[in-house]
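In terms of the numbering used here, the sequence shown opens at residue 5 and continues consecutively. Cβ coordinates follow ideal geometry from the N, Cα and C atoms, glycine included. Here is the structure we will look at, set down as structure tokens.
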Amino acid sequence: MFKPANKATLHQNVLNQMITAIKENEWEPGSKLPGEQSLANAFEVSRNCIREVLKALELTGIVEARAGDGTYLSENALRNIANSDLVASLFEESTLMELIEARQLLEGQLAYWAAQRASDEEIMNLERILVEEPETPNVEVHYHFHNYLAEIAGNPFLLRLLDSLRTEVSAQRIVFKSWPSTELELFKKDHWEICQAIKERAPEKAQEAMIQHLLRSQNEILERNRREGRRKEV
Numbered sequence: 005m006f007k008p009a010n011k012a013t014l015h016q017n018v019l020n021q022m023i024t025a026i027k028e029n030e031w032e033p034g035s036k037l038p039g040e041q042s043l044a045n046a047f048e049v050s051r052n053c054i055r056e057v058l059k060a061l062e063l064t065g066i067v068e069a070r071a072g073d074g075t076y077l078s079e080n081a082l083r084n085i086a087n088s089d090l091v092a093s094l095f096e097e098s099t100l101m102e103l104i105e106a107r108q109l110l111e112g113q114l115a116y117w118a119a120q121r122a123s124d125e126e127i128m129n130l131e132r133i134l135v136e137e138p139e140t141p142n143v144e145v146h147y148h149f150h151n152y153l154a155e156i157a158g159n160p161f162l163l164r165l166l167d168s169l170r171t172e173v174s175a176q177r178i179v180f181k182s183w184p185s186t187e188l189e190l191f192k193k194d195h196w197e198i199c200q201a202i203k204e205r206a207p208e209k210a211q212e213a214m215i216q217h218l219l220r221s222q223n224e225i226l227e228r229n230r231r232e233g234r235r236k237e238v
């Protein structure tokens, strides 16, 4: 039924094949999916790879993880897939670049407003997210910081607009998860600079810090893809 995934694009291949299987009614809405080991055997990948793909599908509302009972296909799975072309291109470099450009525009403005509008308590909560971050950089804390900053900016419409990028952001999360802690440490430093600008009530400074942070993400992705390309040529 499934083809072994190409090692250079494990997550993309597995994700695309699972999306196709769902669209072709391989599993009925509301039905239980095969276990991680069964899927790993089918795709000839590790259970960890399957786990990350299932997380992305869960974050986009395509599947539901039930504690102690496995993973189920959402009743609204087909509706949540919505655009198969978008899903198929989630891990392409061009898609990630376009996503970061959109985030620069949206999150730069949200950081600007957070510096103007956030209450002292909200700023303390934003700072607490970074203070309580584990010693080892954690990508989930990275996204918690961005999500909470968006909430305290005081513009529900832009918050919903940013949330509409949830599918692409979920894919980007998988990309970042595989990055070494040294690169994530640089993002942590960026977060402190953004937080400090908001704490100082300096909107322009906060906006610029956010844009530079997202540009760093863009540059890291490009450089990483170049390294991957060189390895494939060897």
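Given this structure, state the Cα-to-Cα distance separating residue i from residue j, to the nearest angstrom.
i, j, result
"Arg121", "Met128", "13 Å"
"Arg70", "Ala154", "29 Å"
"Ala216", "Phe191", "One point to set straight first is that residue 216 is Gln, not Ala, in the sequence displayed. Looking at the two C-alpha atoms, the distance is approximately 10 Å."
"Ile133", "Glu197", "14 Å"
"Pro207", "Leu166", "19 Å"
"Asn17", "Lys203", "43 Å"
"Gly74", "Arg51", "14 Å"
"Lys273", "Ile23", "Because residue 273 is not part of the residues shown, which for the chain are 5 to 238, the question remains open."
"Leu169", "Ile156", "18 Å"
"Phe149", "Leu130", "7 Å"
"Val57", "Thr186", "24 Å"
"Ala25", "Gln211", "42 Å"
"Glu30", "Gly72", "23 Å"
"Arg164", "Glu137", "26 Å"
"Glu28", "Tyr147", "33 Å"
What distance in whole Å lies between the Cβ atoms of residue j and residue i, which are believed to be in contact at a cut-off of 8 Å?
i, j, result
"Leu19", "Ala60", "7 Å"
"Ala119", "Arg205", "6 Å"
"Arg55", "Glu32", "Between Glu32 and Arg55 the Cβ distance is about 23 Å, and since that is not below 8 Å, they are no contact."
"Ile104", "Gln222", "5 Å"
"Pro162", "Leu110", "Correcting the residue type first, residue 162 is Leu in the shown sequence and not Pro. Leu162 to Leu110, Cβ: 6 Å. Contact."
With distances taken from CA atoms, which of the options is nearest residue i?
i, options, result
"Val49", "Pro160, Ser78, Leu14, Arg83", "Leu14"
"Glu189", "Glu208, Arg220, Arg205, Leu169", "Arg220"
"His195", "Glu227, Arg164, Leu166, Asn151", "Asn151"
"Asp124", "Ala213, Glu28, Cys199", "Cys199"
"Trp117", "Glu131, Arg107, Asn159, Ala106", "Asn159"
"Ala213", "Gln113, Gly72, Glu102, Ile23", "Gln113"
"Val145", "Lys193, Met101, Glu224, Glu102", "Lys193"
"Glu227", "Glu137, Glu30, Met101, Ala201", "Met101"
Counting only the same chain and skipping the five closest in sequence on each side, list residues whose C-beta sits under 7 Å from that of residue i.
i, result
"Ser35", "Tyr76, Leu77"
"Gly65", "Ser78, Asn80, Asn84"
"Glu224", "Glu187"
"Val135", "none"
"Ala201", "Ala119, Lys209, Ala210, Ala213"
Leaving out five residues before and five after residue i in sequence, what residues of the same chain have Cβ atoms less than 8 Å from its Cβ?
i, result
"Lys38", "This sequence places Pro at residue 38; Lys is not what is there. Once the five neighbours on either side are set aside, the close Cβ partners of Pro38 are Ala46."
"Ala44", "Ser50, Arg51, Cys53, Ile54"
With a threshold of 9 Å between beta carbons, is residue i in contact with chain B?
i, result
"Val67", "The structure shown has no chain B; it contains just one protein chain."
Keeping to the same chain, check which residues put their C-beta closer than 6 Å to that of residue i; ignore five residues upstream and five downstream.
i, result
"Leu218", "Ile104, Arg107, Gln108"
"Glu68", "Tyr76, Ser78"
"Glu126", "Ile156"
Taking 8 Å as the cut-off, is the CB of residue i close to at least one heavy atom of the ligand ATP?
i, result
"Leu130", "Looking at this structure, you won't find the ligand ATP or any other ligand, since it has none at all."
Whole alpha helix (DSSP H) runs in the stretch 11-84 with 4 or more residues, listed along the chain?
Uninterrupted alpha helix (DSSP H) stretches at least 4 residues long and entirely within the stretch 11-84 occur at 14-27, 40-47, 51-63, given in chain order.
Would you mind listing the beta strand (DSSP E) stretches within the stretch 128-158 that are 3+ residues and don't spill past its ends, in chain order?
Uninterrupted beta strand (DSSP E) stretches at least 3 residues long and entirely within the stretch 128-158 do not occur.
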